[in-house]
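S.K.: The structure's right below; bear with me while I get my questions together.
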Amino acid sequence: MIGRIIQVLGSIIEIEFKKNNIPKIYNALYIPNLNIYLEVQQQIGNNLIKAIAFGTTNGIKRNTLVIDTGKPILSPVGDVTLGRILNVLGEPIDNKGKLNILKKKPIHSMPPRFSDQKFNNNILETGIKVIDLLCPFLKGGKIGLFGGAGVGKTVNMMELIRNIAIEHKGCSVFIGVGERSREGNDFYYEMKESNVLNKVSLIYGQMNEPSGNRLRVALTGLTIAEEFRDSGKDVLLFIDNIYRFTLAGTEVSAMLGRTPSAVGYQPTLAEEMGKLQERISSTNNGTITSVQAIYVPADDLTDPSPSTTFSHLDSTIVLSRQIAELGIYPAIDPLESYSKQLDPYIVGEDHYYVANKVKFYLQKYKELKDTIAILGIDELSENDKIIVNRARKLQKFLSQPFFVGEIFTNIKGQYIKIKDTINCFKNIINGVYDNINEKNFYMIGKI
């Protein structure tokens, strides 16, 4: 079926088709002479549809012919995507030649049926002390990395990919949604230097690309991850950044003429987020464990975008600017972060006890800070002095040298087993190291 362009409004193109030949919603359209793909977004009557362009609309003219492909956007899937950088259409953009495509799948699909989904209580060891102790990850769960600009979301993601690929021999899919091209480039070479590039599929829709690319690139990457899962693999899915996915939806929604909701977001925000998140599921064949970086505008966790994401997550990692200012890296707030898996029936009584005791010491120290600032530490009771002394050691020990940060810190990165993490923290809270200076606990692995 062939249509012709009526008007162009930014990335939105209005197209007229013959009667009874209207393309379906989400069908892919193609402009042959410009090699541009579109996706149908609305049917507005009078044989007209509105479509979003996956590329620049510069040079598009009225009356240009458009072909309906009769099917949605298809992405290549399988092992051919490993070690390659793809765009929203599944096309390679790494100058390594064409893909040897054996199979393609539509980027729009339904989540697995409940009868096919699999739930377990297995903990995924990350090798990062603060995460494994206080916010354990569920294998097949959803994890959110919340933080403002420049507090370490991407660095934490890079460390997790490195640890999972090397220590667990896992398969990863990284989706860059609306992030900086420089970060995407750095990430590629970091994975290459760590010798894990052949275990990672990279799908980029960067900050400089049109809103259609940024809106759909997450679905392209998720389609690739689903294929790995369905073929029996345990997949680690990284999305950086979910906020940019929301922002792209806001731009498209405004251009389509929808009335915005709170703070200017699209009225379909919850629906779009739900469609994406529900597809990130584990089945009887394999698992998808997702780690999603979530930018928090103005550090406001009540903003509709991050708050809509909260309900879908099993673990929440909050990165704090105040902790980063103390020089504690990773700058994870141990009191704001939480995990549904921190349960004695899942992690065990010993792990649960130590984690809660650590949180107790840190919370008590936080409450005593004002008293210390006004009166000094000498005015505290002996019991409070012990708590403050141990809490400061705990705070320092929550820092850890990262493998991906070696170039900046000149400190060799360390991967810490969960059992070693629990034993070290248990010794601190039991007073075994009360006579050791707190400086000795900074940026080390095990004690």
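If you want our numbering, it's the 1-based position in the sequence shown plus 1050. Glycine is no exception: its CB is placed at the ideal position from the N, C-alpha and C atoms.
#1: Nearest to Asn1487 by CA position, among Ile1479, Lys1443, Tyr1315 and Glu1456, is which residue?
#2: Can you tell me which of Gly1202, Leu1210 and Pro1161 puts its alpha carbon nearest to the alpha carbon of Asp1182?
#3: Hey, out of Leu1139, Gly1128, Lys1168 and Gln1167, whose CA is closest to Lys1153's CA?
#4: Apart from the five residues on each side of it in sequence, which residues of its chain come closer than 7 Å, Cβ to Cβ, to Leu1059?
#5: Taking only the alpha-carbon atoms, compute the straight-line gap between Cys1474 and Lys1496 and give it to the nearest angstrom.
#6: Can you list, in chain order, the residues of its chain whose CB lies under 6 Å from that of Pro1162, leaving out five sequence neighbours each side?
#7: Given a cut-off of 8 Å, decide if Asn1071 and Met1051 are closer than it, judged by their beta-carbon atoms.
#8: Let me confirm a value: Phe1288 is counted as buried when at least 16 other C-beta atoms fall within 10 Å, else exposed. Which label applies?
#9: Quick one: give me the first and last residue of the beta strand (DSSP E) that Ser1303 is part of.
#10: Tell me which residues share the same chain as Lys1467 and place their Cβ nearer than 8 Å to its Cβ, disregarding the 5 neighbours each side in the sequence.
#11: Under the assumption that Val1138 contacts Thr1270 (Cβ atoms under 8 Å), give the Cβ distance between them as a whole number of angstroms.
#12: If you scan the segment 1137-1172 from start to end, which runs of the beta strand (DSSP E) of 3 or more residues do you find wholly inside it?
#13: If we ignore side chains and look at the alpha-carbon of each, how far apart do Glu1064 and Ile1151 end up?
#14: Could you check what DSSP says for Glu1064 in three-state terms: helix, strand or coil?
#15: Between the segment 1230-1240 and the segment 1310-1319, can you find at least three pairs of beta-carbon atoms closer than 8 Å?
#16: What does DSSP give as the partner residues of Pro1126 in its beta bridges?
#17: What does DSSP give as the partner residues of Ile1181 in its beta bridges?
#18: Rounded to a whole number of angstroms, what is the C-alpha to C-alpha distance between Arg1440 and Ile1422?
#19: Should the segment 1216-1226 be regarded as contacting the segment 1395-1410, the criterion being three or more beta carbon pairs within less than 8 Å?
#20: Per DSSP, Cys1474 is paired with what?
#21: Where does Gln1372 fall in DSSP's three states?
#22: Do the segment 1085-1104 and the segment 1129-1136 make contact, defined as three or more Cβ pairs closer than 8 Å?
#23: If we call anything under 8 Å between Cβ atoms a contact, is Ile1075 one with Ile1123?
#24: Express the C-alpha separation of Ser1261 and Val1116 in angstroms, rounding to a whole number.
#25: Would Asp1118 be called buried (16 or more neighbouring beta carbons within 10 Å of its own) or exposed?
#26: Out of Glu1301, Val1438, Lys1283 and Tyr1238, point me to the one whose CA is closest to Asn1263's CA.
#27: Which whole runs of the alpha helix (DSSP H) in the segment 1315-1394 are 4 residues long or more, in chain order?
#28: Using beta-carbon positions only, say whether Ser1244 and Arg1212 come within less than 8 Å of one another.
M.R.: So, from the listed chains and residues:
#1: Along the sequence shown, read from residue 1 onward, the residue named residue 1487 stands at position 437. Among Ile1479, Lys1443, Tyr1315 and Glu1456, the Cα nearest to that of Asn1487 belongs to Lys1443.
#2: Taking the sequence shown and counting its residues from 1, one reaches residue 1182 at position 132. Here the closest residue by C-alpha is Leu1210.
#3: Against the sequence shown, residue 1153 aligns to sequence position 103. The shortest Cα separation from Lys1153 among Leu1139, Gly1128, Lys1168 and Gln1167 belongs to Gly1128.
#4: If you number the sequence shown from 1, residue 1059 lands on position 9. Correct list, in chain order: Met1305.
#5: The residue given as residue 1474 occupies position 424 in the sequence shown. The residue given as residue 1496 occupies position 446 in the sequence shown. Each residue's Cα considered, the two are about 7 Å apart.
#6: In the sequence shown, residue 1162 corresponds to position 112, counting from 1. Taken in chain order, the residues that qualify are Ser1331 and Thr1333.
#7: Residue numbering aside, residue 1051 sits at position 1 when the sequence shown is read from its first letter. Residue numbering aside, residue 1071 sits at position 21 when the sequence shown is read from its first letter. Yes.
#8: Counting from 1 along the sequence shown, the entry for residue 1288 is found at position 238. Counting Cβ neighbours within 10 Å, Phe1288 comes out buried, since at least 16 surround it.
#9: Here residue 1303 refers to the residue found at position 253 when the sequence shown is read from its first residue. Here Ser1303 belongs to no beta strand (DSSP E); instead the alpha helix (DSSP H) covers Ile1292 to Met1305.
#10: For the purposes of this step, residue 1467 is identified with residue 417 of the sequence shown, where counting begins at 1. Excluding residues within five positions, the ones whose Cβ falls inside 8 Å are Glu1175 and Gly1177.
#11: Within the sequence shown, the letter at position 88 stands for residue 1138. Within the sequence shown, the letter at position 220 stands for residue 1270. Confirmed, about 5 Å.
#12: 1154-1156
#13: Taking the sequence shown and counting its residues from 1, one reaches residue 1064 at position 14. Taking the sequence shown and counting its residues from 1, one reaches residue 1151 at position 101. Going by the C-alpha atoms only, they are around 32 Å apart.
#14: As a position in the sequence shown, residue 1064 is number 14, starting the count at 1. Glu1064: strand per DSSP, three-state reduction.
#15: no
#16: Here residue 1126 is taken as the residue at index 76 of the sequence shown, counted from 1. Paired residues: Lys1154.
#17: What you label residue 1181 is simply residue 131 of the sequence shown in a count that begins at 1. According to DSSP, which records beta bridges pairwise, Ile1181 is partnered with nothing at all.
#18: To locate residue 1440, count along the sequence shown from 1; it is residue 390. To locate residue 1422, count along the sequence shown from 1; it is residue 372. Between Arg1440 and Ile1422, the C-alpha separation is close to 15 Å.
#19: Look at the beta carbons and you see the segment 1216-1226 not touching the segment 1395-1410: under three pairs across the two are nearer than 8 Å.
#20: Position 424 of the sequence shown, counted from the start, is the residue given in the question as residue 1474. In DSSP, Cys1474 forms no bridge with anything.
#21: Taking the sequence shown and counting its residues from 1, the one referred to as residue 1372 is at position 322. Three-state DSSP puts Gln1372 in a helix.
#22: no
#23: Taking the sequence shown and counting its residues from 1, the one referred to as residue 1075 is at position 25. Taking the sequence shown and counting its residues from 1, the one referred to as residue 1123 is at position 73. Taking 8 Å as the Cβ cut-off, Ile1075 and Ile1123 do not qualify as a contacting pair.
#24: One-based indexing of the sequence shown puts residue 1116 at position 66. One-based indexing of the sequence shown puts residue 1261 at position 211. For Val1116 and Ser1261, the distance between alpha carbons rounds to 20 Å.
#25: On the sequence shown, residue 1118 is found 68 positions in, with the first residue counted as 1. Taking all protein chains in view, the Cβ of Asp1118 is crowded by 16 or more other Cβ atoms within 10 Å, so the residue is classified as buried.
#26: Here residue 1263 refers to the residue found at position 213 of the sequence shown. The option with the nearest alpha carbon to Asn1263 is Glu1301.
#27: 1319-1329, 1354-1360 and 1371-1375
#28: By 1-based counting over the sequence shown, the position of residue 1244 is 194. By 1-based counting over the sequence shown, the position of residue 1212 is 162. Going by C-beta atoms, Ser1244 is nearer than 8 Å to Arg1212.
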